[in-house]
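Which chain is which? The protein sequence lines are F and Y, in order.
Quick note, our numbering runs 15 ahead of the 1-based positions in the first sequence.
Quick note, our numbering runs 12 ahead of the 1-based positions in the second sequence.
Glycine residues also receive a C-beta, built at the ideal position from the N, C-alpha and C atoms.
Notes for the one structure printed next.
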Amino acid sequence: MGRVVGIDLGTTYSLIAYMDEQTGSPKTIPGPYGSALCPSVVSVDAKGKVIVGEDARDRLLTEPEWTIYSVKRLMGRGVADIQDELKIFPFRIDAKSDNVIRVVLGEKSFTAPEVSAYILRELKLWAEAYFKEPVDRAVITVPAYFNDAQRQATKDAGRLAGLEVLRLVNEPTAAALAYGLHKQKRGHVAVYDFGGGTFDISVLKLISTTEGDLYQVLATNGDTHLGGDDIDNALMDLARGEIKARYGVELDHRGEDVQTLRKILIRAKHELSSAEKTLIEYPLGAKGMYVREIARAEFEKLIAPIVARTMSPAKLALADAKLAPKQVDEVVLVGGSTRIPLVRKTVGDYFERVPHSELDPDEVVALGAAVQADILESGVKTMLLLDVTPLSLGIETMGGVIAKIIPRNSTIPASAQEMFTTGVDNQTAIDVHILQGERELVKDCRSLARFQLRTPPGPAGLARIEVKFLIDANGILQVAAKDLRTNQQHTVEVQPSYGLSDAEIERMLEESIDFAEQDFAERQVIEARTEADSILLATDKALKNAGENVVLADERAAIEKSQAELRSAMAGSDYKLMREKIDALNAATEHLAEILMNGALQTALEGKSLDEF
Amino acid sequence: MPLSQPQTKRAEGVPVTSCWNCKGAVSGTHFCGACGKIQPLPPGMDYFAFFGLPRKLAIEPASLEGQFHMLSWKLHPDNFVRGTEFEKNLSLQRSSELNDAYRTLRDPLARVEYLLEFLNVRKEGTTKQQAPPELLEEVFELNESLDELREARAAGGDVALLRGRLDAAAGNFQAKLTEVDTEIAALGSQWDAAIDFSADEAKRTALLARMSEVLNRRSYIRNLVDGVQQEIAAA
Chain F
16 MGRVVGIDLG TTYSLIAYMD EQTGSPKTIP GPYGSALCPS VVSVDAKGKV
66 IVGEDARDRL LTEPEWTIYS VKRLMGRGVA DIQDELKIFP FRIDAKSDNV
116 IRVVLGEKSF TAPEVSAYIL RELKLWAEAY FKEPVDRAVI TVPAYFNDAQ
166 RQATKDAGRL AGLEVLRLVN EPTAAALAYG LHKQKRGHVA VYDFGGGTFD
216 ISVLKLISTT EGDLYQVLAT NGDTHLGGDD IDNALMDLAR GEIKARYGVE
266 LDHRGEDVQT LRKILIRAKH ELSSAEKTLI EYPLGAKGMY VREIARAEFE
316 KLIAPIVART MSPAKLALAD AKLAPKQVDE VVLVGGSTRI PLVRKTVGDY
366 FERVPHSELD PDEVVALGAA VQADILESGV KTMLLLDVTP LSLGIETMGG
416 VIAKIIPRNS TIPASAQEMF TTGVDNQTAI DVHILQGERE LVKDCRSLAR
466 FQLRTPPGPA GLARIEVKFL IDANGILQVA AKDLRTNQQH TVEVQPSYGL
516 SDAEIERMLE ESIDFAEQDF AERQVIEART EADSILLATD KALKNAGENV
566 VLADERAAIE KSQAELRSAM AGSDYKLMRE KIDALNAATE HLAEILMNGA
616 LQTALEGKSL DEF
Chain Y
13 MPLSQPQTKR AEGVPVTSCW NCKGAVSGTH FCGACGKIQP LPPGMDYFAF
63 FGLPRKLAIE PASLEGQFHM LSWKLHPDNF VRGTEFEKNL SLQRSSELND
113 AYRTLRDPLA RVEYLLEFLN VRKEGTTKQQ APPELLEEVF ELNESLDELR
163 EARAAGGDVA LLRGRLDAAA GNFQAKLTEV DTEIAALGSQ WDAAIDFSAD
213 EAKRTALLAR MSEVLNRRSY IRNLVDGVQQ EIAAA
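This is the structure:
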């Protein structure tokens, strides 16, 4: 078995982290560019090769048609759900999409879990390069307010990336875990998580028990479509409006021009977190340059309605936790958008205390995920998370009304049992429709799934089928049915309303898993070859420089033999063999290296007088 | 109410099962005493027994929470990541039962409803929706005001006066709700005393019936208040 990691699969950035055994604290893993932040951007090139992260983000400007960002917004959603987003986000939706959205990237189309799987796979490769061993299990974080379909889609993405998803953990809960570990604080903690695309607020109780530390989520609330993206869009509206008014230029929201503008505006947004004003400069070709100074006060006025939208979930969460703002002992800020001074002020004013921001708001979720991954992996439990389900679960009853069977903010796992029977004589199937949401009517809630219970024909009301609805520790629904007359377990074929079926996942897996293994092996071969090249070169040079008196003939012969063996291993593609031969050569040259290092030191020391030291 | 309290009231008739792992005798507990393995829900175990409590309605919240935390440590799926599929599934079932039980018992009203349902006094969804006789007159007046409000709203007339009247009526019913809650609490104490002093079956049945009646009244008034508030909000 390989390593286990924690992954924050974010709207704007994704991160991967692990538990460092030496220090006992979680750490993020940097990518090839040295940063731990992997832009959640996926691009496909003309040859069909998938590019992820920094390089893909660059292609947003050059190849917008082949590139997708903020795919998290599409997870677990249907075509009808995203009509509003399509006006703002340049998603190209495949007309052939049915219950699962497919986005077009160049010549192919992908589902959101597939695109997310590419991001996960990239992070997995970062970690594998870092550990030099396979990574096959992960804890992945999701917004606390994600519904069942969105969670299922995230889990599917993990599977498609060749990762066993040990647990889905809510982002604010993960942050609280990293925070609690860091501060050793106990009491009521509110986590205000304002990220790129989602907003969550969770209220937790941190308790020390004789068994260990307990993190009990009391209530959670949020908005899965509220984030830094909305702030960017407000700036975009302002700039596009002014550009149109002043220069008569209308920017196509899918084109590359608009991506350049977005990039400039995001930079301005970042600057306004520390500077009082900033300058936006956007070249319009022959029409000149759109130059616009924006002061923080104007920016704050522009985004105030967006920031205000976070407060109603905050109030609801506190009400459900039965706490007044003042009773919250600590407030923790998570997500890049909490760097905005207005956000900090709004939160501080409401809770009447200065919010915490010692931990990097971009990293803290991934760090918490790594902590939970370690708990699950090591089996040594010093901490326990008790999370809740964010939305009430209900079933459709007569007249399109919902009967709530598991209320929101129930600690998970949670379950409910319902008895079903037939309404008319000789009825052989009973339809069950499961929904999630807080409203009374079916049309206002989120359809999760439908299924049919089969029963032999008989008089109405004779059938007695007990259905158990269970929300597991991931917040994902499981359904089991039992015929009480025959005591037989029913198989329930649940058709997700907005998700991939098991068969579809299997098919995608067949295509992708082979890929993933191949990817890992390929990368290992490349790395081993590079390492072999450099050691061979160094050995050649050392042997040439070292005189007969330094290296004895049989030592030289042994080194040359090891070199030859490594060279022949390099001709093949067995990276394990290459590593073996590299180790052998290293062992053979150990004595030589020692002499050379001492010699090098002597050369360096010679010719320098004592007072130079 | 600590776990160590003598549990004579529930010990009667707890069936003995055998452990799925070591075949040892298990009597109404979450784990096998011999091999320590997690057990399926013992037959007949109710939410009270789950926490080692007698079927009494007064429950000290802090001690219930303490029990909940202690059992969470033991039953939670995190403990069974390395267990067999069978154990993993048992842990999932058992921890969901624990959470369901805690959710129900920590809410005083849900606790009474559960007790009545469990003892087959009351079936969920079969609460009578008739106006309690002593409220008939007031309900009649309220409905009249509601009709007037709807008419006034439809005709675009002045709703302020009617709204004020409804506000007052809703406040009145809200006060009745508080009265009913006090009554339920009083009945709860009587029930607990009946358990403590092993009152006879007839006395218990009468108490349960009375509780069920008061709960019906409560749910009727609750719906009324909610309905009025919705109408006021819409006006």
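DSSP places Gln274(F) in the helix class (H, G or I) of the three-state scheme. Contact annotation, Gln199(F) with Met90(F): C-beta distance approximately 35 Å; criterion of less than 8 Å not satisfied. For Ser75(Y), no Cβ of chain F is located within less than 8 Å of the residue's own Cβ.
Per DSSP, reduced to three states, the secondary structure at Tyr160(F) is coil, with no helix or strand assignment. At a cut-off of 8 Å between beta-carbon atoms, Glu226(F) makes contact with chain Y. The stretch 104–116 of chain F makes no contact with the stretch 301–311 of chain F: fewer than 3 CB pairs, one atom from each, lie closer than 8 Å.
Look at Asp159(Y): its C-beta is not under 8 Å from any C-beta on chain F.
Taking a beta-carbon distance threshold of 8 Å, Asp35(F) does not count as an interface residue toward chain Y. Among the residues of chain F, none has a CB under 7 Å from the CB of Pro54(Y); the nearest is roughly 17 Å distant.
Here Val237(Y) has Ala182, Phe185, Gln186, Leu189 as same chain residues with Cβ atoms under 8 Å from its own Cβ, once five neighbours each way along the sequence are excluded.
Residues of the stretch 387–410 of chain F with a Cβ closer than 7 Å to any Cβ of chain Y, in chain order: Ile390, Leu391, Gly394, Lys396, Leu399, Leu401. Contact between the stretch 197–213 of chain Y and the stretch 68–78 of chain Y is present, with at least three C-beta pairs closer than 8 Å. Secondary structure note for Asp70(F): its alpha helix (DSSP H) is the uninterrupted segment 69–77. Classified as buried, Gln231(F) has 16 or more neighbouring CB atoms from the shown chains inside 10 Å of its CB. No Cβ-Cβ contact shorter than 8 Å links Ala381(F) with Ile97(F). In the DSSP secondary-structure assignment, His448(F) is bridged to Arg465(F). Spatial neighbours of Gln387(F) in its own chain (CB-CB distance under 7 Å, excluding positions within 5 residues in sequence) are listed in chain order as Gly21, Val154, Arg182, Val184, Ala189, Leu192, Leu400.
With a threshold of 8 Å between beta carbons, Pro187(F) makes no contact with chain Y. Under the Cβ distance rule, Thr436(F) does not count among the residues neighbouring chain Y, no pair being separated by less than 8 Å. Per DSSP, reduced to three states, the secondary structure at Ile318(F) is helical. Going by beta carbons, Leu450(F) and Gly409(F) fall inside the 8 Å limit. Apart from sequence neighbours up to five positions away, the residues of its chain that approach Leu592(F) with a beta-carbon distance below 8 Å are Ala584, ordered along the chain. Straight through space, the alpha carbons of Val206(F) and Gly195(F) are spaced by roughly 11 Å. Against chain Y, the CB of Ser430(F) has a partner CB under 8 Å away; the residue lies at that interface.
For Ile222(F), the nearest CB of chain Y lies under 8 Å from its own CB, placing it at the interface with that chain. In this structure, Ser224(Y) lies near Leu128(Y), with their beta-carbon atoms less than 8 Å apart. Along the stretch 107–147 of chain F, the alpha helix (DSSP H) occurs as fully enclosed runs of 4 or more residues at 127–146, listed in sequence order.
In the DSSP assignment, Thr443(F) falls outside any alpha helix (DSSP H), carrying neither H nor E.
The three-state secondary structure of Thr353(F), taken from DSSP, is helix. With 16 or more other Cβ atoms from the protein chains shown falling within 10 Å of its own Cβ, Lys87(F) counts as buried.
Under DSSP, Val59(F) forms a beta bridge with Val65(F).
Secondary structure at Gly202(F): strand, using DSSP grouped into helix, strand and coil. For a Cβ distance threshold of 8 Å, residue set Lys396 of chain F lies close to Asn91(Y), ordered along the chain.
As the crow flies, the alpha-carbon of Val482(F) is around 6 Å from that of Gln432(F). With a contact defined as Cβ atoms closer than 8 Å, Asn162(F) and Leu406(F) qualify at about 6 Å.
In the three-state scheme derived from DSSP, where H, G and I count as helix and E and B as strand, Val218(F) is classed as strand.
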